[in-house]
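Scroll down for the structure; my scribbles are underneath it.
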Amino acid sequence: MGACAAAALLLTGSAGAGALPDRGAPLAGDDQALFEPIEGVREFSGRLIVRPVQVAEWVKRGVSREEALDRHAEAHAAVSGFEVVNYVPQTDEYIITLPPGTTEDEMARTLLGTGNFQYAEPDWLVYPLGCPNDTRFGNQWHHAANRINSCAGWDLHSGDPSVSVGICDTGIRVTHEDFQLHRLEGYNAVDQRWESQGGQISDLHGHGTATTGCAAANGNNGKGIAGVGWDLSHRMLRVSNNSGGGSSLSTLQHAARTAVEAGDKVASVSYSGVDADSNLTTATYVKSIGGLMVWAAGNEGRNLSLSSRDNDDLLVIGATDQNDNKASFSNFGPMVDFTAPGVDVYTCSNGSDTSYGGASGTSFACPLSAGLAALVWSRNPQLDPDTVEEVLKLSCDDLGSQGVDNTYGYGRIDVYEALGRGGSGEPVLGACCFNDGSCSDQFAQDCRNAGGSWKFNETCGTFQCPQPGACCVDDARCEVVLERDCNGTFAGEGSSCERQCPCDRVKKFRAACSSAGTMKVIVKFRDNSFDGEVLGITIGDVEYTVGVLDGKAKLFAGPFSGSQTATLTTPNCAMSSTAQCP
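Numbering that gives the first Met the number 0 applies: residue 0 is where the sequence shown begins, and numbers increase by one.
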């Protein structure tokens, strides 16, 4: 299908009431570029990653389920007009090829302009973040007691091979002396083949060997170095088949999904391109199946503001130097969760089976953090992904401004503190919170089996479970649920549904028609909470607007003839009144 035909097909989707271009995405016709490539960091590939607005999101915004299903189907039908490289059922995403003669901006505007897509973004070509050099530093400064405090942590736990970390990178030197224990079958994410099927995982670049060393180089073996999780298992998921190491977002996301689906608890991605909506979607999927996705913040020294560290499921890692300062190259901002050493990190090298050297970049802060996440899980397998994330954040050594900030996030990782806070794995009682707000001290698995939410390191005597409150699902419907389960506007814990939603506050809606054919519509409210708001009232096929003052609004329109029906559309209360005009 040609570009014009594809655009025509896409634009048949209705973009009226309820249209939801995500994050205020511009519609077709806006002048400002949607996407900015950065040479050597993220470059156009001629493909887009697109995701329809999900049915649950439509319903959350007040659209009926029937219409939500229709809109979702429209989006899927629209994508069929393109060459589809791949469909990802786990996340309901398509990777599509641009029609000849079109650009990423043009087709993204067309898709977003229908209102049926959550995002349409480039399947960026991305690159490894920082490369190892040949200088031998003789020691791993980052493990020191006044840095990530690894030795004290290893006194508590050094890992168990039953827990593994997946390294999504350029490959691995499988014959290196520090990788001879606990290496799991690798996977080539470009060719989508396991080693046993002929998938190649040898390191074409050197980056993957270095990142694997940071996370899981064998320790206490009398050779070389020690990874953070030196008794963990590790798996290479090679994401590039070229010596430059370049990959695409869709390949990296496939690798991360494959790692956790294969049993790895953590997927580590040390590539550029972290701030993409599709990465957040993949991270949510990974967490839903029991894992975590950890991604390097990047080395451009820029502000990452796509999302907030506590409101997404992706762990984003910045880099610090030997003095606990932010590395000059490290990206920063509200998206960064925490930091780890990333300057002159001593690790394995791809030069020979006995090579080691220093490496700099957020690429190496990332696997240090991923290895620690897996180590925490190894010591306490009963933890869920949200709890492991919380343990990592709250165990960080605070750097910079007091408390969480946009330079270091929660701070710099501390192995000893994380393992101590994460517990030993022995079953312990914790606060089990239920949907009605009640609490019972239970073991983790018993709590989850009973449908509760288990709070690690807390009991009912020390922890206040979230309480349900009024949730306006739309203008007219209210239900009492926990805030996390509210698919609408949450009024606060302990609130009731009485007069909580907009339509509950409408006392009177009436229309009358004068002898001259002028329609008069009166709306009265139970209080003055609507003062200053603008109502939408439809008569026939025309929608009128009128302001509210002193708890009431009056609309005069016409002239009309015959029977006329006025309907209150904003708020959408399904209220109508019919009047007979001359």
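Backbone N, C-alpha and C define an ideal beta-carbon position, used for all residues, glycine too.
Check: State yes or no: is the C-beta of S269 within less than 9 Å of the C-beta of P121?; Outcome: no
Check: Since A430 contacts C459 with CB under 8 Å, what's their CB separation in whole angstroms?; Outcome: 5 Å
Check: Using CA atoms only, rank isn't needed, just tell me which of Q252, S277, A275, G272 is closest to A266.; Outcome: Q252
Check: Taking only runs that begin and end inside the segment 392-466, name each unbroken beta strand (DSSP E) of 3 or more residues, in chain order.; Outcome: 428-432, 438-442, 452-454
Check: According to DSSP, is E497 helix, strand or coil?; Outcome: coil
Check: Can you tell me which of the three DSSP states C485 falls into?; Outcome: coil
Check: With a cut-off of 8 Å on the beta carbons, I'd call A215 and V164 a contact; round off their distance for me.; Outcome: 6 Å
Check: Determine, using beta carbons only, whether G170 and R237 come nearer to each other than 9 Å.; Outcome: yes
Check: May I have a chain-ordered list of the alpha helix (DSSP H) segments no shorter than 4 residues that lie completely inside the segment 183-248?; Outcome: 206-215
Check: Put Y284 into one of helix, strand or coil per three-state DSSP.; Outcome: helix
Check: Please state the DSSP three-state secondary structure of L124.; Outcome: strand
Check: Give the DSSP-derived three-state secondary structure of P384 in the structure shown.; Outcome: helix
Check: Can you say whether R483 is buried or exposed, counting buried as having 16 or more other CB atoms within 10 angstroms of its CB?; Outcome: exposed
Check: Can you find the residues in the same chain that come closer than 7 Å, C-beta to C-beta, to N304, ignoring five residues on each side of it along the sequence?; Outcome: Note that residue 304 is Ser in the sequence shown here, rather than Asn. Excluding residues within five positions, the ones whose Cβ falls inside 7 Å are G332, P333, M334.
Check: Do the segment 202-211 and the segment 272-289 touch if we need at least three Cβ pairs shorter than 8 Å?; Outcome: no
Check: Pick helix, strand or coil for M334, following the three-state DSSP scheme.; Outcome: coil
Check: For the candidate residues T569, S562, P570, whose alpha-carbon lies nearest to that of S576?; Outcome: S562
Check: Alpha carbon to alpha carbon, how far is P570 from G535?; Outcome: 7 Å
Check: In whole angstroms, what is the alpha-carbon distance linking E492 and V403?; Outcome: 25 Å
Check: If you check the beta carbons only, do G360 and S348 fall under 9 Å apart?; Outcome: no
Check: I'd like to confirm the pairing. Which residues does DSSP put opposite T96 in its beta bridges?; Outcome: R46, E82
Check: Have a look at Y585 and T319 and give me their C-alpha separation to the nearest angstrom.; Outcome: Nothing about residue 585 can be read from this structure; the chain reaches only from 0 to 581.
Check: For S394, which option in D336, E66, F442 has the closest C-alpha, if you only look at C-alpha atoms?; Outcome: D336
Check: Can you name, in chain order, every residue of its own chain whose Cβ lies under 8 Å from the Cβ of V342, other than the five neighbours on each side?; Outcome: A318, T319, D320, Q321, A326, S359
Check: What's the gap between the Cα of T537 and the Cα of L110?; Outcome: 30 Å
Check: Which same chain residues end up closer than 8 Å to N240 when comparing Cβ atoms and leaving out the 5 residues on each side of it in sequence?; Outcome: N187, V189, D190, Q199, L203
Check: Taking 8 Å as the threshold, find out whether the segment 512-524 comes into contact with the segment 548-559 through three or more Cβ pairs.; Outcome: yes
Check: By how many angstroms is the C-alpha of A295 removed from the C-alpha of L33?; Outcome: 23 Å
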